[in-house]
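Single-structure report; data block below.
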């Protein structure tokens, strides 16, 4: 069938195709007929084929193709088929324009508040009384207008670039953004109230003092002066609002995620969706494949059973009789893909390169270890002289090749899963290379003494057999069950896929970090259990479950074959190994864990997958990891992160980066909220007492720039450390601001407010300078207020160092030089502050300071570090009055519309998304994603033709994907019936089996399998390049 069934390729007909002739282009089957046929499955599909075409052969004749030879290598014919049936390609997603990115950025709640403030401030800046120029207000308004929206737009553009790389939309699942938005809205509301109160108090204070206490009368000629005062009060209120609104939060998230994504590439994590990085930090479960992820995917034969002898290592060639050795070499060399080969190492001292199927590479390597060579055999019997090939599929789990013998007879070589192929053996070669009867009792004995011990050592067992036919005995080659029978066993080999040496330590780190690792594999239970023990997934004495797919389904389904969450909840907490599993079993497990309510926290599940059928599980998981080397395009498009090295340790690094993102945002919050609290209180109190804010509007905006853009870059780019894996996951409901952080925020705010108010009311006495309080309108900048501004900034700079630690650590300088961005920003901000103070003049309301005044400002700033040590001494447990903040939106806060949307396929992570503007403009992407997923696993997967390419081998053992129409035993549904949309999808299209070359999941049912040769492609059974069409057969 080929990989047209295994990709998210959409069919795009040309205009003339839409008016299909009854027999398009001379073919006896139209596009509509093929489309409708692809939507059927099981016995219904077979019945349709028989009714409409007689049999599969009749369908092939109508399509003018051969079930054995495939399509002719005729360019005109192939072009004609493309014209009629179209091409398979993925249309590129239309990128968003810059204006669209800006518009989306402007929908952020915090930016909407700032936009209103900027518009009002800008409008007021144009007001000028007769003969006056409101230069300062113009500057205030202009700066306010320019401040934040473009910053967030740039962040949005950065995120969009990442999304364009992904090419496929993905439903957002960021819990962190939900918490941040809720927190930002709460702070914004508080800031709005504070700014309104500030304006009201200033106006009342002015009115009462001017018209009541002083007894003045409102004169018409004084109106412009009074209006200037009111405008000044309003601008102060806007300033308080701007400072209070934490508009830097979205920017901090974007910077942290984008920075992490860039750095994660070095750790072999290609992040396709930014939110996945943060979500991975909260992961509580990882469902991992075995082959290539936990193991090296470099198969090697380490044990063998030859001539009645069990060899625990590769035997010497002299230990084998020439007949056995010759048969073994020919059986392996001929009955494997000719494209599979062992090449010399690229570098001196390196291992030989394995090209092609890894299992076949192991067998060819076994031939080389026996001091033999497979290439001369292949040259003697080239591919075009092979008489018949039965390619591998997941039902029979074997591959067979027939050749002609010199006497006119035939010899069949077969290899496959030992437990299956041994049942077809009636003879075995003894130590002399002679045939010996092989009865069922002998088979059972071999299973107990040879097969099971190999499996318990974590080995995959492969049986190699042959059968001879005389010229007069030529069988019906289409009857494979009869042909592949009455075999003679040559050998049974044990193939090891060694565990990656770094994996056990990586799994220990996960377990120490509170993450449960589960292995989901297609291998048999003994092999899976042995590998799991070597990896450390299961430990002696632990209470765990190792189940096969059939037993797993038996435990979780009721008498009707329906999945029950209650039953699943009894299985998954102890489940560590799921063997002989299908991709459907993986999806069921992932969905069951996510939907479970057994624990206090909802589980956050990460899943690895490489096959097309892993797509649903990858989409369902909170974070889907696709294999960059062995993964199919569909798996990669369904994933959130691609592992470019297919290595489990890269997942652990993703966990570190995810937790680092969460901590980076918390550090930024701790710093920003301290500045917010101090700046708002200073502006409010100072304005109410002195009728002017000690920190001017432009100064506030500079402070805003420090605590938003610069702090985002400095604190959101901290590199991760191993210590992040020494704690449990935060959990989806844990607040952003812990009690320790709240202690730090309030503690430093007390220090800063004490210093600021001391300088405000007695600073002029201490420094022996003129007071800046109660200065007349448009008076020049004062040294007094410049010292307050400079001291405030110095305290923020040193508090930024304190903010690097959020768990009560004392050494705030630890690792500071590992983050050059942080050092650069702190030093750069200090340098810019010197320029602003010394040369800013009237635009920044600053007066140059003396060296002594600068030293005092620095001294007070350094005091922040000392005060931080005092705060760290106070035990958080003793401060019962402190409250946490920054919880995610609760379920009771969701709208009916969101809940209705969640009923379809939106998991709990998405239900916790923030409401309002963000969900509003992401809604369209969600719908598009759902449509795309449905298309990817429905008939559009199978429609149309793919451009055929030449293929040099007609073999593809365990690598050729098959189209299967699969009815599970006892009519077990592929996906839980409670998911209506998924169930409809299941009825429309069966998931094809995983093309993972080494995960041999057993599926029972009816299969429609196609194979081919050369450039084989047909309008029904389209093959990918490298998966030629061999034969069409139906097996039960």
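In the numbering used here, the protein residues as written are 739 to 1774.
Just so you know, even glycine gets a beta-carbon here, dropped at the ideal spot from N, CA and C.
If you're wondering where the values come from, they're calculated on a predicted model, not measured in any experiment.
Excluding five sequence neighbours on each side, which residues of the same chain lie with their C-beta closer than 6 Å to the C-beta of residue i?
| i | result |
| --- | --- |
| residue 1087 | none |
| residue 1166 | 1174, 1176 and 1227 |
| residue 853 | none |
| residue 1459 | none |
| residue 873 | Summary for residue 873: the model assigns pLDDT 40, below 50, so the residue's position carries little reliability, and this model does not support an answer. |
| residue 1397 | 1019 and 1462 |
| residue 1067 | 1105 and 1110 |
| residue 1636 | Reliability of the predicted coordinates at residue 1636 is poor, the pLDDT of 38 falling under 50, and no value is obtained from them. |
| residue 1336 | 1307 |
| residue 713 | In the structure as shown, the chain begins at 739 and stops at 1774. Residue 713 is therefore absent and cannot be evaluated. |
Near residue i, what residues of its chain come up, given a Cβ to Cβ distance below 7 Å and the 5 sequence neighbours on each side ignored?
| i | result |
| --- | --- |
| residue 1412 | 1483, 1486, 1487 and 1537 |
| residue 1399 | 994, 995, 998, 1015, 1016 and 1019 |
| residue 804 | 798 |
| residue 1585 | 1519, 1520, 1521 and 1524 |
| residue 786 | 775 and 778 |
Just to confirm my understanding: we take residue i, look at its own chain, exclude 5 residues before and 5 after, and list those with CB closer than 8 Å. What are they?
| i | result |
| --- | --- |
| residue 974 | 936, 937, 940, 1421, 1425, 1430, 1431 and 1435 |
| residue 943 | 1426 and 1429 |
| residue 1341 | 1022, 1023, 1331, 1332 and 1334 |
| residue 1479 | 1404, 1407, 1408 and 1544 |
| residue 1276 | 1267, 1270, 1282, 1284, 1314 and 1315 |
Report yes if the C-beta distance between residue i and residue j is below 8 Å; otherwise report no.
| i | j | result |
| --- | --- | --- |
| residue 1130 | residue 1072 | no |
| residue 1233 | residue 1052 | no |
| residue 1190 | residue 1296 | no |
| residue 1033 | residue 1321 | no |
| residue 1044 | residue 1229 | yes |
| residue 1532 | residue 1578 | no |
| residue 1327 | residue 1393 | no |
| residue 1315 | residue 1266 | yes |
| residue 1453 | residue 1402 | yes |
| residue 1493 | residue 1455 | no |
| residue 978 | residue 918 | no |
| residue 1414 | residue 958 | no |
| residue 1042 | residue 1231 | yes |
| residue 1103 | residue 1119 | no |
| residue 1273 | residue 1317 | no |
| residue 1122 | residue 1348 | no |
Measure the beta-carbon distance from residue i to residue j and round it to whole angstroms, keeping in mind my assumption that it falls under 8 Å.
| i | j | result |
| --- | --- | --- |
| residue 1433 | residue 1474 | So it is not a contact: roughly 27 Å between Cβ atoms. |
| residue 1550 | residue 1539 | 5 Å |
| residue 1364 | residue 1373 | 4 Å |
| residue 1206 | residue 1149 | 5 Å |
| residue 1209 | residue 1147 | 5 Å |
| residue 1444 | residue 1576 | About 18 Å; that fails the 8 Å criterion. |
| residue 1386 | residue 1238 | 7 Å |
Please indicate yes or no: does the CB of residue i lie closer than 7 Å to some heavy atom of the ligand NAD?
| i | result |
| --- | --- |
| residue 840 | Absence of the ligand NAD is noted for the structure shown, with no ligands found whatsoever. |
Would you list the one or two residues that DSSP bridges to residue i?
| i | result |
| --- | --- |
| residue 1199 | 1232 |
| residue 1151 | 1139 and 1204 |
| residue 1258 | 1316 |
| residue 1069 | Paired residues: none, contrary to the question. |
| residue 1007 | 1381 |
| residue 1363 | 1346 and 1379 |
| residue 1284 | 1315 |
| residue 1237 | 1033 |
| residue 1426 | None, per the DSSP bridge assignment. |
| residue 978 | Partner(s): none; residue 978 has no beta bridge. |
| residue 1043 | 1048 and 1230 |
| residue 1128 | 1138 |
Using 8 Å as the limit for Cβ to Cβ distance, is residue i near chain C?
| i | result |
| --- | --- |
| residue 1581 | Considering every chain present, this structure includes no chain C. It has just one protein chain. |
Practice prompt. Tell me, please, whether the stretch 1001-1013 touches the stretch 1191-1198 by the rule of three or more beta-carbon pairs shorter than 8 Å.
Written response: no
Worksheet item: Counting Cβ pairs, one atom from each stretch, are 3 or more of them under 8 Å apart for the stretch 1597-1605 and the stretch 1457-1472?
Response: A contact is defined here as three or more CB-CB pairs under 8 Å, and the stretch 1597-1605 fails this definition with respect to the stretch 1457-1472.
Worksheet item: Is the stretch 1306-1313 touching the stretch 1054-1069, taking contact as three or more C-beta pairs under 8 Å?
Response: As far as the Cβ criterion goes, the stretch 1306-1313 does not touch the stretch 1054-1069, which means the pair count is below three.
Discussion item. Would the stretch 1178-1190 count as touching the stretch 1104-1116 if we require 3 or more Cβ pairs under 8 Å?
Written reply: no
Item to complete: Count the CB pairs spanning the stretch 1154-1164 and the stretch 1213-1228 that are closer than 8 Å, and state whether there are at least three.
Response: yes
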